[in-house]
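Chemist:
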Amino acid sequence: MTGVWQCQGVTTTSAVGAVRQGSLRELNLAVVLGRIAAAARPPSRADLATDTGLTRATVSAVVDDLIGGRLVCESAPAPRSGAGRPARGLVLADHGPAGLGLEINVDYLAACVVDLAGTVRHHVVHRADLRPVSPADAVARLAALAADAHAAADREGLVLAGATLAVPGLVDAHGLVRLAPNLGWRDVDVPGLLADRLRIDPVPGVPPLVVDNEANLAALGELHAGPPGAPSFLHISGEVGIGAGIVLNGSLFRGARGWSGEIGHVPVRPDGRPCRCGGRGCLERYAGQEAILTAAGLTGTDLPADTATTTLAGLAADGDQAALTALHDAGTALGVAVSAVVNLLDLDTVVLGGGYATLAPWLCPAILTELSRRVLTARWAEVTVRPAALGPRSAAVGGAGSVVRAVIARPVGWLARSG
């Protein structure tokens with residue numbers, strides 16, 4: 010029996026049984042690798058057979074393919090109380106595919122490499138004010154960091170399977186940066202500027218370059234690096250601008266066009282200070298990094314951007330009144346905006362990322378005060394406010410992690426490339 014099958018616009022005629030067999034192998038590879046990736050301890054082949062319902066012979070064949078493709082390796086034998094040879098556990102390989110995470114922000118560039126297990130193998134930040142720099146120049150500087158990251162991956166025995174770039178602005182489905190107000194960017198074709206500068210060998214099923222909003226990627230990073238489970242939370246990235254990623258029941262909420270989370274431009278004082286976006290009284294004019302530093306009396310000093318939040322935290326820890334007042338006022342403004350989001354979406358957790366992770370001890374009290382005043386359910390439904398597990402690295406690490414998760418979801422593409 011034959012059937013007509015279409016793949017990427019090409020029509021071919023194949024044996025139905027053969028296609029089904031190929032699809033079954035692809036499914037089995039994804040199921041087994043996914044179980045190994047999610048396991049709390051290294052599972053054995055027997056564990057995987059029990060867990061998945063596949064036969065031991067099938068699991069053994071699949072595992073052999075995954076080991077041969079540098080996706081999985083065997084760990085030391087697990088302790089065993091009964092007779093017989095101890096079973097060897099299976100873990101994600103640390104010398105195969107990896108993800109490249111990149112970030113362009115207002116005052117820094119970043120690049121990182123994350124292996125299949127989610128371990129950060131390389132991370133570098135270059136501090137510079139990018140507002141007076143053209144998009145092409147900013148991307149050229151980022152490409153240099155990407156080349157260094159690629160070299161670091163090579164030295165570690167890793168192969169970059171794809172790259173994800175985080176940008177502080179509105180990004181459409183094609184990677185076009187429609188608006189990044191704090192950078193002064195409008196309709197910038199970032200993939201067109203960057204794609205040819207990256208040395209990424211295509212992996213079927215894994216996009217060579219994805220461009221996304223930095224707050225969304227930071228939230229994804231937190232989802233996979235934070236406490237286990239399938240939570241719902243609001244991740245707020247506090248830099249010069251303020252962005253938010255919304256996670257609902259373990260999935261990122263993007264909105265109708267992918268532009269959700271612009272909490273920095275929620276007005277907390279409708280007739281307040283003018284904002285770069287054209288509005289007035291936006292949250293970032295009261296709780297963004299520059300606003301906090303100005304209120305603390307640090308504007309005009311020779312304060313390097315890479316030490317701004319740690320310097321402010323140090324002053325607050327020493328009891329500096331200007332710093333404490335600035336952080337309290339910023340926390341109050343954050344609490345006003347966050348309360349509206351919590352009331353609207355019924356979230357139980359707020360995660361402070363970016364520079365806010367360092368400043369969380371002084372921001373949290375004022376945020377919690379506003380939440381207790383403004384959230385309708387506050388008396389019987391507590392809202393937790395905590396710093397991000399990944400801190401300021403969330404966006405770049407989250408972007409790199411999205412690449413390796415794509416490999417785990419469809420390992421047959423990597424095996425076809427490496428084979």
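Read in order, the letters of the sequence shown are residues 10 to 428 in this note's numbering.
Note that CB positions come from ideal geometry on N, CA and C, so glycine has one too.
These numbers come from a predicted model, not from an experiment.
Work out the CA separation of ALA322 and ALA305 for me, nearest whole Å.
Modeler: Their Cα atoms are separated by approximately 11 angstroms.
Chemist: Check whether the region 293-303 touches the region 335-347, counting contact only when three or more Cβ pairs, one atom from each stretch, lie closer than 8 angstroms.
Modeler: The region 293-303 vs the region 335-347: in contact.
Chemist: Who are the near neighbours of VAL384 in its chain, counting only those whose CB is closer than 7 angstroms to its CB and skipping five residues on each side?
Modeler: If we look at VAL384 and ignore the five residues flanking it on each side, its Cβ neighbours are SER348, VAL351, ASN352 and VAL392.
Chemist: How far does the beta strand (DSSP E) with GLU112 in it extend, from its first residue to its last?
Modeler: Run containing GLU112: 106-113, per the beta strand (DSSP E) assignment.
Chemist: Applying the 10 Å Cβ sphere with the 16-neighbour rule, what's the burial state of GLN17?
Modeler: No answer about GLN17 holds up, because its pLDDT of 30 lies below 50 and its placement is not dependable.
Chemist: Answer with buried or exposed for ASN258, where buried requires no fewer than 16 other C-beta atoms within 10 angstroms of its C-beta.
Modeler: Per the 10 Å Cβ criterion, exposed.
Chemist: What are the boundary residues of the beta strand (DSSP E) that VAL350 is part of?
Modeler: No beta strand (DSSP E) contains VAL350, which is instead part of the alpha helix (DSSP H) from 330-354.
Chemist: Comparing C-alpha positions only, which one of LEU207, ILE272 and VAL277 sits nearest to PRO216?
Modeler: Comparing Cα-Cα distances from PRO216 to each of LEU207, ILE272 and VAL277, the minimum goes to LEU207.
Chemist: Hey, could you find the ends of the alpha helix (DSSP H) LEU203 is sitting in?
Modeler: Note, LEU203: alpha helix (DSSP H), 199-203.
Chemist: For the beta strand (DSSP E) containing ALA189, name the first residue and the last one.
Modeler: From DSSP, the beta strand (DSSP E) with ALA189 extends over 185-189.
Chemist: Tell me whether PRO190 is buried or exposed, calling it buried when 16 or more other Cβ atoms sit within 10 Å of its Cβ.
Modeler: Result: buried.
Chemist: Among LEU218, LEU101 and VAL168, whose alpha-carbon lies nearest the alpha-carbon of ALA152?
Modeler: Closest by alpha carbon: LEU218.
Chemist: Can you tell me whether ARG130 is buried or exposed, with buried defined as 16 or more other CB within 10 angstroms of its CB?
Modeler: With 16 or more Cβ atoms within 10 Å of its Cβ, ARG130 is classed as buried.
Chemist: By a C-beta neighbour count over all protein chains shown, 10 Å radius and 16 as the cutoff for buried, is GLY364 buried or exposed?
Modeler: When all chains shown are included, GLY364 counts as buried.
Chemist: Can you tell me which residues form a DSSP beta bridge with ASP103?
Modeler: BP columns for ASP103 are empty, so no partner.
Chemist: Using three-state DSSP, classify ASP124 as helix, strand or coil.
Modeler: ASP124 falls in the strand class under three-state DSSP.
Chemist: Quick one, which of SER269, ALA204 and LEU243 has its alpha-carbon nearest ALA434's?
Modeler: Past the edges of the chain, shown from 10 to 428, lies residue 434, and the structure says nothing about it.
Chemist: For ASP357, which of VAL345, VAL394 and THR378 has the nearest alpha-carbon?
Modeler: Out of VAL345, VAL394 and THR378, VAL394 has the C-alpha closest to the C-alpha of ASP357.
Chemist: Compare the beta carbon distance of VAL122 and LEU169 with 9 angstroms and say whether it is the shorter of the two.
Modeler: Cβ atoms of VAL122 and LEU169: closer than 9 angstroms.
Chemist: Following the continuous alpha helix (DSSP H) through SER403, name the residue where it begins and the one where it ends.
Modeler: From DSSP, the alpha helix (DSSP H) with SER403 extends over 403-418.
Chemist: Might you give, ordered along the chain, the residues of its own chain that have their beta carbon closer than 7 angstroms to the beta carbon of ALA325, omitting 5 neighbours on each side?
Modeler: ALA332, LEU333, LEU336 and TRP371, listed in sequence order.
Chemist: Mapping the DSSP letters down to three states, classify CYS291 as helix, strand or coil.
Modeler: Strand.
Chemist: Cα-Cα, which of VAL148, VAL275 and VAL134 is closest to GLY201?
Modeler: Residue VAL148 is the option with its Cα nearest to GLY201.
Chemist: Going by the beta-carbon positions, is the gap between ALA39 and VAL421 smaller than 9 angstroms?
Modeler: Yes. Within cutoff.
Chemist: Based on the DSSP output, what are the partners of GLY362 in its beta bridges?
Modeler: According to DSSP, GLY362 bridges with SER246.
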